[in-house]
Each structure stands twice: as C-alpha cells, then as structure tokens.
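Here the structure is laid out as structure tokens; the discussion comes afterwards.
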Amino acid sequence: MLTMYRPGRGWMHRMPAGPKLALFAVLAVVVAALPPVWITVPIALAVPLAVYAAAGMGVGEGLRVLAGQAWALRWMIAITAAGQLIFLGLEPAAANTARVAAAVLVAGVVPLTTPVSAMLDALERGLRPLRLVGVDPARFALLWMVTLTTIPVLARHAAEVRDAQRARGLRPSLLRGTLPFLVVALRHADDLGDALAARGIR
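Each residue of the sequence shown is one higher than the last, beginning at 23 in the numbering used here.
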C-alpha cells in the first residue's frame, strides 16, 4: 500500500500513534465546530499553518508540505465553496469552507508523521471494545487504513492520466480523462483485492 509517511525525527514523529490519533481527531473536530462567521476564516487558516510549521519537519519543509496538501484539496475546496455560496451566502460559505479544509489538513498530519503499521496497530487497540458488539477490530482497522492509503494512489493515477494526455499533445479535460482514469482505478482495485486475498483477507 502507498503510504504518505515522511520519515523524520521531530517530536510529532516520536509521539505514539494512539495519543497522536486522539489529539488530532479532537483538534480536527474543534476546528470543524467553529461558528460560521468571518473570524473563523483567519482562525481556521492559522491552525494548519501552526501545526505544519511545528510538526518537526522544519518550518520551511512543513509549510511546503502544507502547500502541497492544500493544492491536492483544491477541487474539494472549490466545490464546497461554490455549494455553500449558492445556498448560504458569502460569510457562511467562507467560514464553512475554511473550517472544513482546515480540519482535513490538520487530520492529514497524522499519516505524514506516522507509519501505516503504527496507525493500524493503534486503531486495532482502540477498537477492541467493539468486540462486545460483534465487530472485528483488526478487519475494521485494516479497512480504514486501506481507504486512507488508496486516496493518494488514486490522486497519483489522475495526475498520470493528465500527464499522458499532455504528452500526446492533448489538453487535459474531464471528458477525455474519465475513461482512462476508471481503467487504472479498477486495475488498482483488482490488484488490491488480490493482495488482500493472498493474505487471507476476504
């Protein structure tokens, strides 16, 4: 599985996966719960800036990583802003878009500073109480991690489709790119299914 993990020696890399997951889950929820008013916009923008700058990757590198993460979310941000603007107006649209983007960016620090295996172990331990209601913690944690690590894979495939179109002298477009993207996405799904089946997971 593709991992977004970036090796490092900062305090966030050394922090145990369980407490880190809990800390950033709470922080993301707090940011997402900010009121839909103008003051929320600078607060929501400041939180991920502070988190990435202090993540132990170095201030410059942390901000470069944040810029890359924000660029990857550009379509989500644009669609969220457009929908909110149409139905709610300018102030709620700006605040809601800022807090949603900030919450996603803050949560994105965890896979950047935590190996997939450590996150998987932490999730499995945290979900053990669900055994009382018949949920398999190991299977649920694996499903969550597969979902998380599949997102950057699909983003990479989309970029490869666009690059291939440019290499052929074509202007990238949603219409031209949909079919080849679906082909590579389905191929990835087949490969992932085969890999899980080979490990006895069905």
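Here a beta-carbon is modelled for each residue, glycine too, at the ideal position from N, C-alpha and C. Computed from a predicted model, the values in this text were never measured in an experiment.
Query                                                                                                                      : Result
Separation of A140 from L192, as counted between CA atoms                                                                  : 43 Å
Beta-carbon contacts of R190 that lie in its chain and below 7 Å, excluding the five residues immediately before and after : none
Sequence ranges, alpha helix (DSSP H) only - wholly within the stretch 27–103, length at least 4                           : 33–36, 39–54, 62–75 and 81–94
Where the alpha helix (DSSP H) containing R121 begins and where it ends                                                    : L112 to A129
Alpha helix (DSSP H) segment containing R147, residue limits                                                               : V138 to G148
As assigned by DSSP and simplified to three states, the class of G105                                                      : helix
Buried versus exposed call for I98 [16 or more other C-beta atoms within 10 Å across all chains shown]                     : In the sequence as presented, Ile is not what sits at residue 98; that position holds Met. By the neighbour-count rule (16 or more Cβ atoms within 10 Å), M98 is not buried but exposed.
Three-way DSSP call (helix, strand, coil) for R188 in this model                                                           : helix
Between the CA atoms of L110 and T102 - distance to the nearest angstrom                                                   : 11 Å
Sequence-distant residues of its chain with Cβ nearer than 6 Å to A50 (five each side left out)                            : A125, V128 and A129
Where R193 sits in the DSSP three-state scheme                                                                             : coil
Proximity of V53 and V69 at Cβ, strictly below 8 Å                                                                         : yes
Among P29, G30, W33 and L43, the one whose alpha carbon lies nearest that of D143                                          : L43
Nearest candidate by alpha-carbon position, reference A76, set R184, A120 and V131                                         : V131
Whole-angstrom C-beta distance between L56 and Y74, which should lie under 8 Å                                             : Contact flag wrong, Cβ pair sits at about 19 Å.
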